[in-house]
Amino acid sequence: MRVAMTAMNGIWRGAMVAASAILPALIGVASAVAAPPMEKHYYLPDAAASKIVSVAKTGNVEAEVTVLTEAVAIKETGPKETVAKFGEVYAFSPAFIAIRREVPTMLTFWNLQPDDEHDLMLTAPDFTVLLHLTLAPLSKTSYVFTFHKDGIFPFYCTVHQPEMNGQILVLPPTSTK
701 MRVAMTAMNG IWRGAMVAAS AILPALIGVA SAVAAPPMEK HYYLPDAAAS KIVSVAKTGN
761 VEAEVTVLTE AVAIKETGPK ETVAKFGEVY AFSPAFIAIR REVPTMLTFW NLQPDDEHDL
821 MLTAPDFTVL LHLTLAPLSK TSYVFTFHKD GIFPFYCTVH QPEMNGQILV LPPTSTK
């Protein structure tokens, strides 16, 4: 068991390094090519994207995950030097989610900031935009996601890049043997 966990940790670290190395460059490309119109408050998967992930407001849920927006360094609480050099810094917590393919999972996003709007852009492994949502200040937004493909699905706030991002790792279904 320990050997398997060590191997999985090594694989995961390799995937994280690979994704973090190419994500900033590809986010700009994906945003320029595949981003939905920003006048909409949300963008849900079209017919092509729904083959990768189905998204619904309600449904039978087998798993749940809550993701919070987290203020890392903001003008109200500092540190002042960090904010002066980098601007306000936010993060998603957790930034990594592992779920199973074909398992309806309720993902709830809480924007805990009273004066900052965030958004959520979910992309396919090839960085095609699958979903775009506005996360209004002090709001809770929930959707049921059912992924139909395995892989690493990046998500990020387009307003607070490059630091506010995360990944959903979609694993094969568990065997019933």
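Start counting the sequence shown at 701; every next residue gets the next number (my numbering).
Where a beta carbon is used, it is the ideal one built from N, C-alpha and C, also for glycine.
It should be emphasised that the depicted structure is a prediction, and the values quoted were computed from it without experimental measurement.
query, result
"Reference H860, options D816, P779, R800, closest by Cα", "D816"
"Inter-stretch contact (C-beta, 8 Å, three-pair minimum) for the segment 821-837 and the segment 787-796", "no"
"Alpha carbon of A795 to alpha carbon of M864, nearest angstrom", "9 Å"
"CB-CB length for R801 against V844, believed under 8 Å", "R801 to V844, Cβ: 14 Å. No contact."
"Identity of the residue in I868, T874, P862, P872 nearest A791 by Cα", "P862"
"CB contact flag (T658, D819, <8 Å)", "Because residue 658 is not part of the residues shown, which for the chain are 701 to 877, the question remains open."
"Span of the alpha helix (DSSP H), counted from its first residue to its last, around K785", "780-786"
"Buried or exposed by the 16-neighbour rule on C-beta atoms within 10 Å, applied to N811", "buried"
"Coil, strand or helix - S754 by DSSP", "strand"
"Environment of A798 [buried if 16+ CB atoms lie within 10 Å]", "exposed"
"C-alpha gap between V803 and K780, whole angstroms", "44 Å"
"Neighbourhood of E762 by C-beta distance below 6 Å, restricted to the same chain and skipping five residues each side", "V803, P804"
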